[in-house]
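Report on one structure; see the data block that follows.
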Amino acid sequence: MSEGPDGALRDPVCGMSVTADSPFRSEHDGHPYFFCSASCQKKFRADPLRYVKPSTSTSVEAAPEGSIYTCPMHPEIRQDHPGNCPKCGMALEPLLPSLEDEENPELTDFRRRFWWTLPLTAVVFVLAMFGHRLGWMEASTQSWVELALSTPVVVWAGLPFFERCTRSFINRSPNMWTLIGLGTGTAYVYSVIATVVPGVFPEAFAAHGRVSVYFEAAAVIISLTLVGQLLELKARSQTSAAIKALLGLAPKTARRINADGTEEDVPLAHVHVGDLLRVRPGEKVPVDGVVTEGSSALDESMITGEPIPVSKRVGDHVIGATMNTSGSLIIKSEKVGSQTMLAQIVQMVAQAQRSRAPMQRMADKVAGVFVVAVVGVAILTFVAWGFFGPEPSWVYGLINAVAVLIIACPCALGLATPMSIMVASGKGASNGVLFRDAAAIENFRKVNTLIVDKTGTLTEGRPAFERAIGVNGYAEEDVLRLAASLDQGSEHPLAATIVDAARERRLAFEKVEHFESSTGIGVRGLVGSRNLALGNTTLMQADGIDVGTLTENSDTLRAQGASVMYLAVDGMLAGLLAVSDPVKATTPEALARLKEDGIRVVMATGDGVVTARAVATKLGIGEFHGEVKPADKLALVTKFQQEGKVVAMAGDGINDAPALAKADVGVAMGTGTDVAMSSAQVTLVKGDLRGIARARELSEATIGNMKQNLGFAFVYNALGVPLAAGVLYPFTGLLLSPMIAALAMSLSSASVITNALRLRNVKI
Numbered sequence: 075m076s077e078g079p080d081g082a083l084r085d086p087v088c089g090m091s092v093t094a095d096s097p098f099r100s101e102h103d104g105h106p107y108f109f110c111s112a113s114c115q116k117k118f119r120a121d122p123l124r125y126v127k128p129s130t131s132t133s134v135e136a137a138p139e140g141s142i143y144t145c146p147m148h149p150e151i152r153q154d155h156p157g158n159c160p161k162c163g164m165a166l167e168p169l170l171p172s173l174e175d176e177e178n179p180e181l182t183d184f185r186r187r188f189w190w191t192l193p194l195t196a197v198v199f200v201l202a203m204f205g206h207r208l209g210w211m212e213a214s215t216q217s218w219v220e221l222a223l224s225t226p227v228v229v230w231a232g233l234p235f236f237e238r239c240t241r242s243f244i245n246r247s248p249n250m251w252t253l254i255g256l257g258t259g260t261a262y263v264y265s266v267i268a269t270v271v272p273g274v275f276p277e278a279f280a281a282h283g284r285v286s287v288y289f290e291a292a293a294v295i296i297s298l299t300l301v302g303q304l305l306e307l308k309a310r311s312q313t314s315a316a317i318k319a320l321l322g323l324a325p326k327t328a329r330r331i332n333a334d335g336t337e338e339d340v341p342l343a344h345v346h347v348g349d350l351l352r353v354r355p356g357e358k359v360p361v362d363g364v365v366t367e368g369s370s371a372l373d374e375s376m377i378t379g380e381p382i383p384v385s386k387r388v389g390d391h392v393i394g395a396t397m398n399t400s401g402s403l404i405i406k407s408e409k410v411g412s413q414t415m416l417a418q419i420v421q422m423v424a425q426a427q428r429s430r431a432p433m434q435r436m437a438d439k440v441a442g443v444f445v446v447a448v449v450g451v452a453i454l455t456f457v458a459w460g461f462f463g464p465e466p467s468w469v470y471g472l473i474n475a476v477a478v479l480i481i482a483c484p485c486a487l488g489l490a491t492p493m494s495i496m497v498a499s500g501k502g503a504s505n506g507v508l509f510r511d512a513a514a515i516e517n518f519r520k521v522n523t524l525i526v527d528k529t530g531t532l533t534e535g536r537p538a539f540e541r542a543i544g545v546n547g548y549a550e551e552d553v554l555r556l557a558a559s560l561d562q563g564s565e566h567p568l569a570a571t572i573v574d575a576a577r578e579r580r581l582a583f584e585k586v587e588h589f590e591s592s593t594g595i596g597v598r599g600l601v602g603s604r605n606l607a608l609g610n611t612t613l614m615q616a617d618g619i620d621v622g623t624l625t626e627n628s629d630t631l632r633a634q635g636a637s638v639m640y641l642a643v644d645g646m647l648a649g650l651l652a653v654s655d656p657v658k659a660t661t662p663e664a665l666a667r668l669k670e671d672g673i674r675v676v677m678a679t680g681d682g683v684v685t686a687r688a689v690a691t692k693l694g695i696g697e698f699h700g701e702v703k704p705a706d707k708l709a710l711v712t713k714f715q716q717e718g719k720v721v722a723m724a725g726d727g728i729n730d731a732p733a734l735a736k737a738d739v740g741v742a743m744g745t746g747t748d749v750a751m752s753s754a755q756v757t758l759v760k761g762d763l764r765g766i767a768r769a770r771e772l773s774e775a776t777i778g779n780m781k782q783n784l785g786f787a788f789v790y791n792a793l794g795v796p797l798a799a800g801v802l803y804p805f806t807g808l809l810l811s812p813m814i815a816a817l818a819m820s821l822s823s824a825s826v827i828t829n830a831l832r833l834r835n836v837k838i
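Numbered per the working numbering, the sequence shown finishes at 838, counting up by one with no gaps.
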């Protein structure tokens with residue numbers, strides 16, 4: 075299969091995304107390959123071995139994340155080795171930067187080309203502007219000197235630009251390099267011909283004793299374009315600085331406790347799941363794990379943003395890269411390498427920075443049409459000046475056509491949205507809000523309805539056991555012991571609370587077999603020789619069990635905000651268990667901010683209706699739904715969307731995953747399950763709903779920034795192209811030099827980059 079590292083089908087020839095229903099398909103060595111066009115299919119069939127290699131075969135999927143290279147402008151282009159983008163010609167960059175990475179090689183290369191040729195450009199410029207006035211040499215000799223000096227600038231320093239221009243024609247993907255290559259190439263080739271064989275030109279082309287040449291225009295444009303690229307590459311390096319800063323949080327080594335009790339410092343890469351590690355005061359926690367011995371306070375601000383150290387004791391989970399402030403801890407590693415929270419944050423930030431916003435897709439389409447239109451305007455400018463302009467009319471036509479091609483380069487248009495997305499995703503990460511893609515940043519501001527789960531989202535998600543009540547001959551301890559025995563196989567937070575409560579009371583556990591979890595309603599299993607069912611009213615109704623004898627007790631407990639679970643043994647009600655889940659301290663403030671923003675908040679929980687009402691009343695939530703299954707949450711999201719609402723879903727559990735994926739914006743709690751986080755577009759690292767308000771503010775600021783950038787780019791080109799074409803010449807006698815056009819083009823790109831970087835200072 076011709077698949078890329080992200081699982082999407084890729085054209086093995088050009089790397090573009092394709093679908094399985096593409097009409098262009100071929101087989102080689104028993105594997106199917108899909109193509110974006112008949113042209114790519116033809117190339118593949120002519121020489122399949124040329125394209126069946128690690129860069130386009132399934133071996134890419136096995137490549138480590140850091141070895142995947144992608145285009146900063148077209149993130150759908152991916153391969154496992156460096157190269158150039160088949161769409162825009164830009165050099166591909168590593169998907170994930172590394173602390174060991176040297177400076178961007180393209181930045182180094184362009185800097186070398188710029189500084190080595192800048193003196194030549196300066197001399198050519200001075201000769202062209204003042205040589206004929208000062209009489210330093212004969213006119214024809216000056217043309218040859220300019221040719222000699224400008225050739226290294228155009229041919230060597232400008233080589234990457236001409237390669238990208240050529241590739242744009244080969245791939246039928248017109249872009250900024252199409253215009254730069256055509257403009258500078260036309261000026262240079264014309265000047266070479268005028269120098270080598272001046273006799274082929276009419277006398278009208280002569281001025282100051284020679285046929286007019288424009289080596290200085292080509293050289294200066296190349297140098298100015300290099301300046302623009304240097305500015306852009308430096309700006310892009312600033313966006314990856316946030317990722318490198320996150321990577322730098324992790325310690326390089328860990329102190330491992332061996333089986334014989336000895337200790338040694340080992341590289342972090344040598345730590346495995348299950349290893350015992352010692353974390354001394356003042357050291358960073360090496361990996362995600364659980365405390366097995368000792369107690370201390372950890373500074374988790376690097377990950378969560380919370381400035382107050384968090385107390386950790388035996389059984390508490392710790393996050394890699396956080397700082398141990400006081401006591402000594404021994405932890406058991408649970409997640410290492412790419413599975414740690416820090417690594418996942420890095421991956422999400424990188425993915426968000428590489429993704430493209432819907433607005434960017436629109437800009438790309440406009441830019442493609444725009445380039446074709448500009449070429450047409452340049453041709454029209456050349457012809458119009460040639461036939462109707464003053465003498466030497468065709469020289470004027472050539473120079474104005476080159477000016478049109480240069481000033482219309484859509485550099486600013488291409489940078490307008492990617493730069494804003496890159497800066498915004500880094501800004502969000504530093505505030506505990508991780509965007510998985512650019513669409514989430516763009517859509518968040520449109521959200522007007524928020525569906526929230528209760529457990530782990532509005533509440534702490536670490537409930538406390540309150541009490542058990544037995545009926546039909548079962549004592550309180552019997553109910554707790556049987557429920558805990560059954561819940562040994564469950565990962566639900568309420569189950570962990572019941573198991574912990576039984577352990578605290580030193581109750582004897584029995585082995586559970588045939589464990590079955592019905593997501594959102596409860597669990598079943600065989601404990602000893604008895605069939606047990608533990609869950610909410612829906613589960614009891616499904617099993618035909620009457621819970622009427624405990625209705626009064628359960629209603630009272632639910633009214634107090636507790637969650638109630640019924641226990642049935644061999645089809646008969648045995649009792650209930652009550653577990654309370656305290657509301658997060660930050661939840662009331664978060665809900666208040668959301669309501670101020672005009673967002674409709676709806677609570678949907680698998681807990682009973684009475685419990686849901688108690689929590690909703692306490693938090694001032696007017697609309698709530700209790701005892702909902704995962705399918706019900708999904709249906710609720712669909713219902714609001716059909717009503718024309720833009721829906722965000724916030725949750726932390728596996729049962730929230732379908733609704734998170736269906737919502738216009740899915741928001742997962744960073745304290746929840748991996749399934750929830752992988753289903754959502756946004757993750758709140760601290761599980762703090764105030765992050766939603768921050769995300770909306772950042773979304774508003776980012777879209778405003780994008781519109782400013784796009785508006786500037788469009789207005790700039792709308793004004794610059796007519797000016798370069800000489801529309802104002804009949805009225806003012808002014809023409810725009812190609813050199814001034816190149817300078818204006820570079821300045822427009824720099825302005826867009828500077829404006830995007832302002833997002834770093836936005837307060838959210």
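Every residue, glycine too, gets a C-beta built ideally from N, C-alpha and C.
Please read all numbers here as calculations on a predicted model, not as lab measurements.
If you compare the alpha carbons of Thr757, Gly411, Thr327, Ser628 with that of Ala514, the shortest gap goes to Thr757.
Rounded to the nearest angstrom, the Cβ distance from Asp362 to Thr414 is 5 angstroms, consistent with a contact under 8 angstroms.
Per DSSP, Leu693 is one residue of the alpha helix (DSSP H) stretching across 683-693.
Per DSSP, Asn517 has no beta-bridge partner at all.
Secondary structure note for Ala798: it is in no beta strand (DSSP E), and the uninterrupted alpha helix (DSSP H) holding it is 764-799. In terms of Cβ geometry, Val364 and Glu337 do not form a close pair [threshold 8 angstroms]. Counting every other CB atom within 10 Å of its CB across the protein chains shown gives Met203 a total below 16, marking it as exposed. In the three-state reduction of the DSSP assignment, Asp339 falls in the strand class, which pools E and B. Between Asp334 and the set Leu350, Leu321, Pro325, the nearest pair of CA atoms involves Leu350.
Residue environment for Ser559: buried (at least 16 other C-beta atoms within 10 angstroms of its C-beta). Less than 8 angstroms divides the Cβ of Arg284 from the Cβ of Ala213.
Going by beta carbons, Leu479 and Val443 fall outside the 8 angstroms limit. For Glu578, the secondary structure class from DSSP, reduced to helix, strand or coil, is helix.
About 6 angstroms separates the beta carbon of Ala830 from that of Asn779, a gap short enough to meet the 8 angstroms contact definition. When secondary structure is reduced to three states using DSSP, Tyr288 falls in the coil class, being assigned neither helix nor strand. In the three-state scheme derived from DSSP, where H, G and I count as helix and E and B as strand, Lys658 is classed as coil.
8 angstroms or more divides the Cβ of Phe235 from the Cβ of Val294. Going by beta carbons, Val836 and Lys308 fall outside the 8 angstroms limit. In the DSSP assignment, Ile525 falls within the unbroken beta strand (DSSP E) covering 523-526. A distance of 8 angstroms or more separates the beta carbons of Val87 and Pro248. In the pairwise beta carbon analysis, the region 666-677 is classified as not touching the region 641-648: fewer than three pairs are separated by under 8 angstroms. Note on Asp730: 16 or more other CB atoms within 10 angstroms of its CB, so buried under the neighbour-count rule. Shown here, Ile405 sits in a strand according to DSSP, grouped into three states.
Here Tyr548 is not bridged, per DSSP, to any residue. Excluding residues up to 5 positions away in sequence, Thr258, Ile296 lie with their Cβ nearer than 7 angstroms to the Cβ of Gly232 in the same chain. In this structure the region 671-688 lies against the region 632-640, because at least three pairs of beta carbons, one per stretch, are closer than 8 angstroms. Ser224 is the residue among Ser224, Trp218, Ala477, Ala767 whose C-alpha sits nearest the C-alpha of Pro193.
Minimum Cα-Cα distance from Leu624 among the listed residues Met639, Asp617, Trp189 corresponds to Met639.
The continuous beta strand (DSSP E) containing Arg352 extends over residues 350-353. C-alpha of Gln153 to C-alpha of Phe109: approximately 16 angstroms in a straight line. Between the region 706-720 and the region 461-472, the count of C-beta pairs closer than 8 angstroms stays below three; the two stretches do not touch.
Leu372 is positioned such that its CB atom lies no closer than 8 angstroms to that of Phe184.
Within the DSSP bridge table, the entry for Ser637 names Val653 as partners. Of the residues assessed, Ser217 falls on the buried side of the cut-off, its CB having 16 or more other CB atoms within 10 angstroms. When Val597, Val601, Asn627 are compared, the shortest CA-CA separation from Ala616 is found for Val597. Looking from the CA of Phe188, the closest CA among Val227, Glu220, Ala222 belongs to Val227.
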